[in-house]
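At position 10 of the sequence shown the residue is numbered 9 (numbering that gives the first Met the number 0), and the sequence of numbers has no breaks. Think of the CB as a built atom: it goes at the ideal place given N, C-alpha and C, for glycine as much as any other residue. Heads up: the structure comes next, in structure tokens.
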Amino acid sequence: MGLIDKIKSQIVAKPVKAEETCAKTNGGVRLAIPSVWPGGVESPRSQHFGRCDCFTLVDIETGQVKDIKVVPNPPHVQGDCLGPVDLLREHGANAIVVSGIGLRPLFGFREAGMEVYLGSGAEVSDVILQFILEALEPVSPQQACGGH
Numbered sequence: 000m001g002l003i004d005k006i007k008s009q010i011v012a013k014p015v016k017a018e019e020t021c022a023k024t025n026g027g028v029r030l031a032i033p034s035v036w037p038g039g040v041e042s043p044r045s046q047h048f049g050r051c052d053c054f055t056l057v058d059i060e061t062g063q064v065k066d067i068k069v070v071p072n073p074p075h076v077q078g079d080c081l082g083p084v085d086l087l088r089e090h091g092a093n094a095i096v097v098s099g100i101g102l103r104p105l106f107g108f109r110e111a112g113m114e115v116y117l118g119s120g121a122e123v124s125d126v127i128l129q130f131i132l133e134a135l136e137p138v139s140p141q142q143a144c145g146g147h
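Structure representation (structure tokens):
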């Protein structure tokens, strides 16, 4: 069984409703992964969260994938680095995995109560596996990119 099949096999039949959030207090995380359209487990990840086509939101509880949904990302407007913060907060995300991030959005995510992780891998499934295996570290301000 391949990695994608393993992840898909962990998805439960009952989806989480859009208004529900997967709060850290109950052992769960709603993880946002910047993705290339159409998003989902098999999608390539986007290297720039502000300009990504969409976000794949993955609900994970006690190491198990419970639900996956896709949220389109509005077009990026220069200087609006906090737009994705508001969008993901509205959809109940409490963590995001990026390939790079500027200080302004890093602090914006932190102020919104979202943990920001630095991850690698070509596909969304790679990031999910890294997260479940606890192979990701939170981004420090020293790791932030310039120009944002």
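Exercise for the section: Determine which residues share a DSSP beta bridge with PRO43 and list them. Expected result: GLU122
Problem - Extent of the continuous alpha helix (DSSP H) run through LEU87 - result: 82 to 89
Exercise for the section: Following the continuous beta strand (DSSP E) through GLY27, name the residue where it begins and the one where it ends. Expected result: Taken as a continuous stretch (DSSP letters only), the beta strand (DSSP E) holding GLY27 covers 27 to 34.
Exercise for the section: Let me know if SER119 comes out buried or exposed under the rule of 16 or more other beta-carbons within 10 Å of its beta-carbon. Expected result: exposed
Handout entry: Coarse secondary structure for PRO73, derived from DSSP in three states
Key = coil
Practice task
Can you grab the Cα-Cα spacing for the pair LEU36 / LYS68, in whole Å?
Solution key: Checking the sequence, you will find Trp at residue 36 rather than Leu. Taking the straight line joining both Cα atoms gives about 12 Å.
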